[in-house]
Amino acid sequence: MDTKSPAVYGVLGFPVKHSLSPLMQNAAFKALGINATYKLFEVAAGDLEEFFYSLEKNNIRGLNITIPYKERALQFVKLPAESNHLFKVKAINTAVFAGGVWYGFNTDITGFARHLKENIDPVAKRAAIIGAGGAARAVSYVLANEKVRDIAICDVDASKARLIAGMVSDIFPGFPIYPVSDVEALDIAQKDILINATPCGMKPADPCLVPESKFHKNLFVYDLIYTPVETKLLARAKARGCKTANGLKMLLYQGAGSFEHWTGEKPPEDIMWKALKEGVGQA
Ligand code: NAP
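Be aware that the sequence shown starts at 18, since it is given in our numbering, and climbs by one per residue.
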């Protein structure tokens, strides 16, 4: 491996151009004087295998993995023995090259847990999740692990919601998780926490996922999306008196976790946060 050129890190996804991770991670490398660069790797599904097999040749030492590869990436990494739960969560967002081996981690889990608990005490709350892809695996794991009372989950593909329910039941036997057919069946009127784990809301033409009448002032609405900083979902929820949060702090916390896995250094979170705020035009 080339040790003189900057070590290469980056985010793998498709599409990935919207990602703010390069701003945040390059600011962190610079602040700590680490000879490394962080890039965007937009890779089509058919090229994924070749991408993974050429990582070492291209001096790539670490990856973030985003939509839609959090689950597929698992086949290219080893899971550390101490990450027992990841064998069942079956989604990763971080890969690290160490001792000739690629290891997988999921800092979406730690990042989401940290930001969730900054906003609400999840214990005994009733939760609903829209979307059952890679990020929802981390979100539902965290909610069950933090002892919410129950979870309802839906996806346009109902089989994916059932798979996540199966995953949670496997890790937390007896935990009440209900895969439902659509947003209506989530019964939002009875919930304390609503989470959008779909990309719906990123594009200006995207609809609001929830009818306005379903929001109530005791509902905490969390949108994993961070561009735009306020999706239609968050704007309408806020207008109806809900507490809301977007995914920018989760992005910070998961990125800080990945940085620590790659470098072994304490991540400079204040600098990373400043870069993110600049990235969304809120500096
Ligand atoms: P993903 O694996 O593609 O999963 C999204 C799931 O939502 C898919 O199953 C998708 O179905 C479904 N879906 C799409 N539109 C829907 C709708 N209107 N109603 C119900 N289900 C719908 O994506 P992901 O990796 O989980 O990411 C989801 C979102 O979270 C993305 O916007 C991503 O940027 C964001 N995210 C943010 C952070 C953060 O740090 N803030 C971290 C992770 C992810 P189809 O595949 O059939 O469309």
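The beta-carbon is built from N, C-alpha and C at its ideal position, and this holds for glycine as well.
Exercise. Pick from Phe46, His278, Ser186, Thr83: whose alpha carbon is nearest that of Val302?
Worked result: Residue 302 is absent from the model: the chain starts at 18 and stops at 300.
For this session: Would you mind listing the alpha helix (DSSP H) stretches within the stretch 85–166 that are 4+ residues and don't spill past its ends, in chain order?
Result: 103–106, 124–136, 151–162
For this session: Leaving aside the five residues before and after Phe93 along the sequence, list all residues of the same chain whose C-beta is less than 7 angstroms from its C-beta, in chain order.
Result: Phe69, Trp119
Exercise. Rounded to a whole number of angstroms, what is the C-alpha to C-alpha distance between Ala45 and Tyr243?
Worked result: 20 angstroms
For this session: Could you name the residues that DSSP lists as bridge partners for Leu211?
Result: Ala145, Val238
Exercise. Is the Cβ-Cβ distance between Asn110 and Lys87 less than 8 angstroms?
Worked result: yes
Exercise. Among residues of its own chain, excluding the 5 on either side of Gln207, which ones have a beta-carbon nearer than 8 angstroms to its beta-carbon?
Worked result: Arg143
Problem set entry | Length of the line joining the Cα atoms of Val28 and Ile77 | 11 angstroms
For this session: Could you tell me which of Gly258, Lys107, Val25, Leu103 sits nearest to Leu72, measuring between CA atoms?
Result: Val25
Exercise. What span of residues does the alpha helix (DSSP H) with Tyr55 cover, start to end?
Worked result: Careful: Tyr55 lies outside any alpha helix (DSSP H), inside the beta strand (DSSP E) at 53–59.
Exercise. Distance, Cα to Cα, Asp138 vs Lys74?
Worked result: 46 angstroms
Exercise. Name the DSSP bridge partner or partners of Val28?
Worked result: Leu57, Asn81
Exercise. Is Lys177 helix, strand or coil when you go by DSSP?
Worked result: helix
Problem set entry | C-beta atoms of Ile212 and Ile126 nearer than 8 angstroms | no
Problem set entry | Local Cβ density within 10 Å of Gln271, reported as buried at 16 or more and exposed below that | buried
For this session: Determine the burial state of Val159: buried for a count of at least 16 other Cβ atoms within 10 Å of its Cβ, exposed for fewer.
Result: buried
Problem set entry | Sufficient close CB pairs (3 or more, under 8 angstroms) joining the stretch 253–262 to the stretch 225–232 | yes
Problem set entry | DSSP bridge partner residues for Thr261 (one or two, in chain order) | Val238
Problem set entry | Unbroken beta strand (DSSP E) run spanning Ile194, endpoints | 194–196
Exercise. Hey, Leu269 and Glu286: beta-carbon distance below 8 angstroms or not?
Worked result: yes
Exercise. Just to check, is the beta-carbon of Leu40 closer than 7 angstroms to a non-hydrogen atom of the ligand NAP?
Worked result: no
Exercise. What residue from Lys220, Ala108, Ala48 has the CA that sits closest to Pro32's CA?
Worked result: Lys220
Problem set entry | Residues sharing a beta bridge with Ala169, DSSP | Ala145, Tyr195
Exercise. Under a Cβ-count criterion, where at least 16 other Cβ atoms within 10 Å of its own Cβ denotes burial, should Lys34 be classed as buried or exposed?
Worked result: exposed
Exercise. Taking just the CA atoms, how far does Ala98 sit from Asp64?
Worked result: 29 angstroms
For this session: Please work out which residues of its chain come closer than 8 angstroms, Cβ to Cβ, to Ala214, disregarding the five sequence neighbours upstream and downstream, and give them in chain order.
Result: Ile146, Ile147, Gly148, Ala149, Gly150, Ala152, Ala153, Val156, Leu241
Exercise. For Phe192, which residues of its own chain have a beta-carbon under 7 angstroms away from its beta-carbon, when the five flanking residues on both sides are left out?
Worked result: Ala161, Val185, Ser186
Problem set entry | Cβ neighbour criterion (16 or more within 10 Å) applied to Pro190 | exposed
Exercise. First and last residue of the alpha helix (DSSP H) that includes Ala295?
Worked result: Contrary to the premise, residue 295 reads as Glu rather than Ala in this sequence. Its alpha helix (DSSP H) spans residues 286–296.
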